[in-house]
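For reference, the structure discussed in these notes is given below.
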Ligand code: SF4
Ligand code: SF4
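Residue numbers (this note's numbering): 543 to 867.
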């Protein structure tokens with residue numbers, strides 16, 4: 543039985559919709575996702591379950607959680623009601639307009655128990671957000687007494703070498719810092735190569751034969767990990783490191799029949815070999831000769847099931863994770 547008895551640290555995804563289409567986004571967020579936000583009732587249910595599982599603090603991420611700042615206030619109230627501390631809200635700074643409106647938003651967030659913003663600072667985000675907005679938001683936070691968790695300061699000088707009035711493509715970075723810049727980014731950032739990040743890096747990743755991957759198959763235990771999980775706006779548990787899978791949190795707490803979530807279960811209990819057997823036998827998946835590792839094979843099968851076969855409600859959710867890559 544798939545069951546979760548305890549959760550330690552994780553995040554809440556209040557919306558998948560985002561202003562940007564970052565090439566390193568493992569959730570494949572973009573402006574094309576539905577304009578859906580976590581409701582107050584859903585937040586209340588999630589926080590109450592988290593509390594019962596021993597998780598007393600979370601961060602909030604997205605999508606861009608402050609895309610519509612007023613949408614997050616009810617979520618913050620629900621956290622407070624359930625005694626859940628908000629460690630920080632992640633933001634890409636896109637919503638910065640001017641000092642006055644930003645100060646109003648920051649004051650409102652502070653009133654609702656938020657004391658830290660994690661502000662994204664890297665060339666991937668800079669493809670969509672001009673750096674002046676990031677700098678202005680940091681300044682506004684300092685004035686409003688909001689702590690800043692800069693992620694990552696290591697990239698500051700690279701970004702600051704460009705004109706901060708406009709966004710800059712990764713090609714511009716490659717021209718300035720060398721053609722191996724994408725690999726340097728990968729090493730410096732420690733990216734999770736899933737979703738759109740996998741698509742971006744796949745062409746330069748080392749390939750493995752299909753047989754080699756199967757030989758090394760072992761259970762993907764991170765799927766049931768109690769650290770770095772996310773719960774999304776639909777109340778789904780998104781496992782550590784592996785977006786594109788989801789099981790309702792309320793089901794996981796009581797124990798889920800593995801036969802209901804067979805793909806998740808095959809990977810968690812057997813590994814990529816188990817998923818391949820299922821996909822080949824029951825859905826007619828035909829493997830290719832080589833892949834950029836086991837997660838590439840995993841995505842190839844998931845894409846086949848979701849995008850080509852249009853697999854109905856299953857553990858491969860949300861469907862936009864596959865469509866918006
Ligand atoms: S990385 Fe962040 S800002 Fe970029 S698309 Fe994903 S959610 Fe949006
Ligand atoms: S093979 Fe699939 S489930 Fe396992 S780690 Fe990779 S993406 Fe996650």
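Beta carbons: idealized from backbone N, C-alpha and C, even for Gly.
No experiment lies behind these values; they were computed from the predicted model shown.
Q: Please name the residue in 824, 753 and 757 whose C-alpha comes closest to that of residue 832.
A: As a first step, residue 832 must be located in the chain shown, where it is residue number 290. Of the listed residues, the one whose Cα sits closest to residue 832 is 753.
Q. According to DSSP, is residue 569 helix, strand or coil?
A. Within the chain shown, numbered from 1, the residue matching residue 569 stands at position 27. Residue 569: coil per DSSP, three-state reduction.
Q) Is the segment 618 to 629 close to the segment 565 to 577, with three or more CB pairs under 8 Å? A) no
**Q.** Element boundaries [alpha helix (DSSP H), containing residue 617]
**A.** Stepping through the chain shown from its first residue, residue 617 is reached at position 75. 615 to 623 is the extent of the alpha helix (DSSP H) around residue 617.
Q) Going by DSSP, what residues sit across from residue 778 in a beta bridge? A) Stepping through the chain shown from its first residue, residue 778 is reached at position 236. In DSSP, residue 778 forms a bridge with 790.
Q. For the candidate residues 836, 645, 766 and 856, whose alpha-carbon lies nearest to that of residue 735?
A. By 1-based counting over the chain shown, the position of residue 735 is 193. The option with the nearest alpha carbon to residue 735 is 836.
Q.
I want to check one thing, is the minimum distance from the CB of residue 784 to the heavy atoms of ligand 2 below 7 Å?
A. Numbered from its first residue, the chain shown carries residue 784 at position 242. Under cutoff, so the answer is yes.
Q. Is residue 795 near residue 543, with beta carbons less than 8 Å apart?
A. Locating residue 795 in the chain shown gives position 253, counting from the first residue. Locating residue 543 in the chain shown gives position 1, counting from the first residue. No, the Cβ-Cβ distance between residue 795 and residue 543 is not below 8 Å.
Q.
Less than 7 Å separating the Cβ of residue 755 from some heavy atom of ligand 2?
A. As a first step, residue 755 is located in the chain shown; it is residue number 213 there, counting from the start. Not so, every heavy atom of ligand 2 lies at least 7 Å from the Cβ.
Q. Nearest CA to the CA of residue 562: which residue from 608, 600, 549 and 629?
A. Numbered from its first residue, the chain shown carries residue 562 at position 20. The shortest Cα separation from residue 562 among 608, 600, 549 and 629 belongs to 608.
Q: From the DSSP output, in three-state form, read off residue 730 for me.
A: Numbered from 1 along the chain shown, position 188 holds the residue referred to as residue 730. DSSP places residue 730 in helix when its eight states are reduced to three.
(Q) Please list the terminal residues of the continuous alpha helix (DSSP H) segment that includes residue 743. (A) Here residue 743 refers to the residue found at position 201 of the chain shown. Taken as a continuous stretch (DSSP letters only), the alpha helix (DSSP H) holding residue 743 covers 737 to 743.
Q) residue 554 bridges to which residues according to DSSP? A) Taking the chain shown and counting its residues from 1, the one referred to as residue 554 is at position 12. Residue 554 is bridged to 602 and 773.
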